[in-house]
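Residue numbers (the numbering used here): 286 to 484. All remarks here apply to the structure that follows.
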Ligand SMILES: NC(=O)c1ccc[n+]([C@@H]2O[C@H](COP(=O)([O-])OP(=O)(O)OC[C@H]3O[C@@H](n4cnc5c(N)ncnc54)[C@H](OP(=O)(O)O)[C@@H]3O)[C@@H](O)[C@H]2O)c1
């Protein structure tokens with residue numbers, strides 16, 4: 286599959302590495318923007334507050350299948366929307382999903398060490414199911430459907446529970462997914478305090 290990732294940091298760059306290993310053709314686009322008209326799927330992995338600017342900077346995204354991986358930490362979604370994913374859909378008019386916003390990017394290179402295939406949530410449009418589930422599996426995750434795109438805000442808020450679980454300690458069966466400092470890094474990203482590399 287031809288995939289374009291907007292944001293080539295921890296998430297965009299990390300997923301690009303995984304998907305390239307799986308045989309996909311990935312174009313990595315940073316804040317300078319670019320042309321995604323060649324891509325079958327566009328993955329948005331920029332700081333949550335930069336969603337509008339990121340979309341402004343790309344050409345050819347109309348009607349594309351988009352996966353929104355952003356989180357809104359300490360910032361609101363664009364005015365009139367309850368989530369970045371719904372904002373994306375309003376801009377592109379294409380099949381839209383939210384996925385890859387919960388699992389820590391710092392663990393991408395340890396997915397294969399897990400005792401069982403880790404799950405990864407996605408919510409969004411049925412027309413995008415095949416694409417988002419394939420990209421989940423090809424990254425090493427078992428996709429778990431979390432409802433229609435209207436659930437994107439709830440899926441974003443679920444991250445608060447993940448942070449709390451990580452900070453409060455996990456049961457033994459989950460210990461391999463514990464990463465004490467990464468939650469802090471994710472919290473700092475959208476405030477601009479992080480170096481953006483999550484470690
Ligand atoms: N880190 C995690 O574990 C994790 C997990 C799930 C979801 N998330 C979410 O995923 C998103 C990306 O996180 P990350 O950790 O990958 O961040 P990151 O490492 O800081 O990478 C951010 C990327 O976004 C680009 N960018 C910044 N401002 C932009 C703008 N105005 N327009 C276009 N591109 C812009 C940067 O471009 P340059 O390369 O040009 O600087 C960089 O490539 C965030 O919304 C975060 O909350 C993070």
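A virtual CB, placed ideally from N, CA and C, is assigned to each residue, including glycine.
Residue j beta carbon less than 8 Å from that of residue i
{"i": "residue 444", "j": "residue 356", "result": "yes"}
{"i": "residue 372", "j": "residue 396", "result": "no"}
{"i": "residue 296", "j": "residue 318", "result": "no"}
{"i": "residue 349", "j": "residue 434", "result": "no"}
{"i": "residue 404", "j": "residue 429", "result": "yes"}
{"i": "residue 329", "j": "residue 365", "result": "no"}
{"i": "residue 334", "j": "residue 360", "result": "yes"}
{"i": "residue 413", "j": "residue 380", "result": "yes"}
{"i": "residue 383", "j": "residue 449", "result": "no"}
Endpoints, alpha helix (DSSP H) assigned at residue i
{"i": "residue 439", "result": "437 to 453"}
{"i": "residue 300", "result": "295 to 306"}
{"i": "residue 424", "result": "414 to 424"}
According to DSSP, residues forming a beta bridge with residue i
{"i": "residue 319", "result": "343"}
{"i": "residue 374", "result": "According to DSSP, which records beta bridges pairwise, residue 374 is partnered with nothing at all."}
{"i": "residue 331", "result": "Paired residue(s): none; residue 331 is not in a bridge."}
Contacts around residue i, its chain only, beta-carbon distance under 7 Å, and the 5 residues preceding and following it disregarded
{"i": "residue 311", "result": "288, 290, 301, 304, 305"}
{"i": "residue 447", "result": "387"}
{"i": "residue 346", "result": "321, 327, 340, 377"}
{"i": "residue 390", "result": "295, 296, 299, 483"}
{"i": "residue 331", "result": "291, 292, 339, 355"}
Where the beta strand (DSSP E) through residue i begins and ends
{"i": "residue 350", "result": "350 to 353"}
{"i": "residue 313", "result": "310 to 314"}
{"i": "residue 380", "result": "From DSSP, residue 380 is part of no beta strand (DSSP E); its letter is neither H nor E."}
{"i": "residue 428", "result": "427 to 430"}
{"i": "residue 406", "result": "404 to 409"}
Close-in-space but distant-in-sequence residues of the same chain around residue i (CB under 6 Å, 5 per side omitted)
{"i": "residue 385", "result": "354"}
{"i": "residue 416", "result": "326, 350"}
{"i": "residue 431", "result": "406, 408, 440"}
{"i": "residue 426", "result": "403, 405"}
{"i": "residue 421", "result": "405, 428"}
8 Å CB neighbourhood of residue i in its chain, flanking five on each side removed
{"i": "residue 363", "result": "336, 337, 369, 372"}
{"i": "residue 315", "result": "292, 293"}
Ligand 3 heavy atom lying under 7 Å from the CB of residue i
{"i": "residue 331", "result": "Ligand 3 is absent from the structure shown, which contains only ligand 1."}
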